[in-house]
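I have placed the structure first, in the form of structure tokens, so that the comments after it can refer back to it.
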Amino acid sequence: MLELTPDAVLLDRAATDWRDALTQAGQALIAAELVETDYADALFEREAQSSTYLGNGIAIPHGTKPAARSVRQTGLRVLQFPDGVTWHDGNPISVIVTIAAAGDQHLDILRQLTHVLDTPGVADKLARASRGEDVVALLSRAPVTGRLDKATIAARVPVASREGLTAIAAARLHDAGVTGPGFVAAAMAARPTELGDALWLVEACVDARQPALGLATPAEIDTVAGVFVLARPSAPDGATQQAVNELLARLLGVLEAGEGRRLAELDVAQLLGRLAGESAGAEVLRVRVRNAHGLHARPAK
Numbered sequence: 496m497l498e499l500t501p502d503a504v505l506l507d508r509a510a511t512d513w514r515d516a517l518t519q520a521g522q523a524l525i526a527a528e529l530v531e532t533d534y535a536d537a538l539f540e541r542e543a544q545s546s547t548y549l550g551n552g553i554a555i556p557h558g559t560k561p562a563a564r565s566v567r568q569t570g571l572r573v574l575q576f577p578d579g580v581t582w583h584d585g586n587p588i589s590v591i592v593t594i595a596a597a598g599d600q601h602l603d604i605l606r607q608l609t610h611v612l613d614t615p616g617v618a619d620k621l622a623r624a625s626r627g628e629d630v631v632a633l634l635s636r637a638p639v640t641g642r643l644d645k646a647t648i649a650a651r652v653p654v655a656s657r658e659g660l661t662a663i664a665a666a667r668l669h670d671a672g673v674t675g676p677g678f679v680a681a682a683m684a685a686r687p688t689e690l691g692d693a694l695w696l697v698e699a700c701v702d703a704r705q706p707a708l709g710l711a712t713p714a715e716i717d718t719v720a721g722v723f724v725l726a727r728p729s730a731p732d733g734a735t736q737q738a739v740n741e742l743l744a745r746l747l748g749v750l751e752a753g754e755g756r757r758l759a760e761l762d763v764a765q766l767l768g769r770l771a772g773e774s775a776g777a778e779v780l781r782v783r784v785r786n787a788h789g790l791h792a793r794p795a796k
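Structure follows, in structure tokens:
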């Protein structure tokens, strides 16, 4: 995996336009002996295919696939433009992360950078940073993601009571490693919220290490079709709260569709699909998309 270090950060640059900025980016890779001189032209060729603007004031120029032969060593350079530059697609940028990679190693850092898109104020902080260490910290901060997967769901369990389902959902979160030993007891003591459509929500903060949503559904419905248990870390920052909101948005989608009682009929895979926005009766087809040029502007989070 590519590692971002302070010595790879070039601060306080100025450019007359995006072409000048991109030229400087290419020269930075050449000066670091990461690429041959013709790699700089490949950066412009790649921009002609599609913009590498990532968002939040960041562009991620990199060469075309044929240009991989010009890469001496996988690496990157970060250029800061405090006064900003208008990219060729019209977006303002303050930071260029230019990448030299012979293979797909660069995709790791592109995925790592996508968390910056959801961090309020980060573009201004990057533009004003006065130390390479500060830029690295802003770009490398681990993203906060909400956990909702097959490890946090128990489907069609032989328990019908709300309390029993709460215990099972909370235990799933604990076993998934997103909560500590005190979480289950805290969830059991918490006051549940009736969501309607035979669904309930329980929230707890004690020993919540990561935002996560657990769910337990009964094999047979009595009065409860499912209990959601939300692990909400105490004193959340902006990124953590955003992850919590995204988990709750998935739950809201089920409520808006009025399919709460149907959750008890679904297996784990179907529940995950429904919570991802698919209808309860949706069928999934997987296809392979050929992408000969390897084009990508915003990799998946």
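Just so we're aligned, residue 496 is where the sequence shown starts under the numbering used here, counting upward by one.
Every residue, glycine too, gets a C-beta built ideally from N, C-alpha and C.
Proximity winner among the options, relative to residue i (alpha-carbon distances)
i, options, result
"residue 514", "524, 523, 580 and 529", "580"
"residue 563", "699, 541 and 550", "541"
"residue 641", "516, 737 and 558", "737"
"residue 555", "568, 539 and 566", "539"
"residue 524", "566, 509 and 648", "566"
"residue 764", "611, 594, 651 and 668", "651"
"residue 585", "545, 501, 557 and 598", "545"
"residue 639", "571, 754 and 704", "704"
"residue 597", "709, 512 and 531", "531"
"residue 685", "671, 661 and 672", "661"
Under the three-state DSSP convention, the category residue i falls into
i, result
"residue 501", "helix"
"residue 532", "coil"
"residue 649", "strand"
"residue 755", "helix"
"residue 515", "helix"
"residue 762", "coil"
"residue 635", "helix"
"residue 686", "coil"
Check whether residue i and residue j have beta carbons under 8 Å apart
i, j, result
"residue 759", "residue 699", "no"
"residue 504", "residue 552", "no"
"residue 697", "residue 687", "yes"
"residue 701", "residue 678", "yes"
"residue 506", "residue 568", "no"
"residue 548", "residue 582", "yes"
"residue 716", "residue 693", "yes"
"residue 627", "residue 502", "yes"
Beta-bridge pairing of residue i - partner residues as DSSP gives them
i, result
"residue 694", "691 and 721"
"residue 642", "707"
"residue 510", "Per DSSP, none; premise fails for residue 510."
"residue 550", "553"
"residue 726", "699 and 707"
"residue 713", "652"
"residue 735", "Looking at the DSSP assignment, residue 735 forms no beta bridge with any residue, so it has no partner."
"residue 674", "703"
Min CB distance residue i to chain B below 8 Å
i, result
"residue 594", "In the displayed structure, chain B is absent; only one protein chain is listed."
Complete runs of the beta strand (DSSP E) confined to the stretch 554-622 [at least 3 residues]: With a minimum length of 3 residues, the continuous beta strand (DSSP E) runs that stay inside the stretch 554-622 are 570-581 and 587-595.
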